[in-house]
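A.B. asks: Going letter by letter, the sequence shown gives residues 1 to 214 in UniProt numbering.
Cβ coordinates follow ideal geometry from the N, Cα and C atoms, glycine included.
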Amino acid sequence: MAVLILLAIIFGGFWLKEYLDQKKEEEKTPISLVAMGDSLTEGDGDEKKAGGYVGILDKSLAKHKEVRSVKTSNYGVSGNRSDQLLKRLKTEPDFQKAVQQANVITMTIGGNDVMKVLQSKLLDVKVSDFTKAEENFQKNLTEVFSLIRENNPNAPIFLVGVYNPYTTYFSQIKQFDEVITNWNSNSQAFIKQQKNAYFVPIAQLIENRDKKKS
Numbered sequence: 001m002a003v004l005i006l007l008a009i010i011f012g013g014f015w016l017k018e019y020l021d022q023k024k025e026e027e028k029t030p031i032s033l034v035a036m037g038d039s040l041t042e043g044d045g046d047e048k049k050a051g052g053y054v055g056i057l058d059k060s061l062a063k064h065k066e067v068r069s070v071k072t073s074n075y076g077v078s079g080n081r082s083d084q085l086l087k088r089l090k091t092e093p094d095f096q097k098a099v100q101q102a103n104v105i106t107m108t109i110g111g112n113d114v115m116k117v118l119q120s121k122l123l124d125v126k127v128s129d130f131t132k133a134e135e136n137f138q139k140n141l142t143e144v145f146s147l148i149r150e151n152n153p154n155a156p157i158f159l160v161g162v163y164n165p166y167t168t169y170f171s172q173i174k175q176f177d178e179v180i181t182n183w184n185s186n187s188q189a190f191i192k193q194q195k196n197a198y199f200v201p202i203a204q205l206i207e208n209r210d211k212k213k214s
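1) Helix, strand or coil for ARG68 per DSSP?
2) Quick check on VAL160: does DSSP put it in helix, strand or coil?
3) How do the segment 25-43 and the segment 66-81 stand: do at least 3 beta-carbon pairs fall below 8 Å, yes or no?
4) Using a Cβ distance threshold of 8 Å, determine whether the segment 114-131 contacts the segment 58-71, with at least three qualifying pairs required.
5) How should THR91 be labelled, buried or exposed, when 16 other C-beta atoms within 10 angstroms of its C-beta is the threshold for buried?
6) If I measure Cβ to Cβ from GLU178 and keep anything under 8 Å in the same chain, skipping five residues before and after, which residues do I get?
7) Can you tell me which of the three DSSP states VAL34 falls into?
8) Taking just the CA atoms, how far does ILE56 sit from PHE158?
9) So, using beta-carbon positions, are LYS71 and ILE31 closer together than 9 Å?
10) Please determine, among ALA102, ASN164 and GLU42, the residue with the shortest C-alpha to C-alpha distance to PRO153.
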């Protein structure tokens, strides 16, 4: 739940606020937000059943003085990998239509691509085992962005990086943080090549938050 709240604060308090502040003060902006991805987007782990970070963000954006109205469409599916998100975006007309009408798009994807490797290798996992999975992820991510831009050339896209929620269970995997760092570095490099796209370094933000607590 803490991660869901953190995501809502990040989007509502900085990245989306920066986007909104580019508008003239007298222009009240209708927000049509499409959120896509995995359990973080769906809201899995939200004890209050408030729609996860999307539900929290809906309420917080509605309070913004420059927002006229807020409509959110949640296309998060718990357990989805990048290939599954890509398939849904290719085959679901409602999903495609929502993307066409969006003026803000958020995406959480990649954590289950990482988890699939962990589950297949169990305790014998090595950093090199993630190479192929990361290559496939980048390929899928490229196709997802291409499809989004075919349907919507202009909406800002916010990609949330992956983080390590498995420390308690996989503390013996000493190099797992290196996997997460490399994964996010490649995703961030990809985002820098895209127009009107932003990378949200959730792993770094969680680390900074935990340091402040200690």
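C.D. replies: By the coordinates alone:
1) Indexing the sequence shown from 1 puts residue 68 at position 68. Strand.
2) Indexing the sequence shown from 1 puts residue 160 at position 160. If DSSP states are grouped into helix, strand and coil, VAL160 belongs with the strands.
3) yes
4) By the C-beta criterion, the segment 114-131 is judged not to be in contact with the segment 58-71, since fewer than 3 inter-stretch pairs fall below 8 Å.
5) Counting from 1 along the sequence shown, the entry for residue 91 is found at position 91. Residue environment analysis places THR91 among the exposed positions, since fewer than 16 neighbouring C-beta atoms fall within 10 angstroms of its C-beta.
6) Position 178 of the sequence shown, counted from the first residue, corresponds to residue 178. Once the five neighbours on either side are set aside, the close Cβ partners of GLU178 are VAL127.
7) Numbered from 1 along the sequence shown, position 34 holds the residue referred to as residue 34. VAL34: strand per DSSP, three-state reduction.
8) Counting from one through the sequence shown, the residue named residue 158 turns up at place 158. Counting from one through the sequence shown, the residue named residue 56 turns up at place 56. When rounded, the distance between both Cα atoms is 17 Å.
9) If you number the sequence shown from 1, residue 71 lands on position 71. If you number the sequence shown from 1, residue 31 lands on position 31. Yes, the Cβ-Cβ distance between LYS71 and ILE31 is below 9 Å.
10) Locating residue 153 in the sequence shown gives position 153, counting from the first residue. Comparing Cα positions, the closest option is ALA102.
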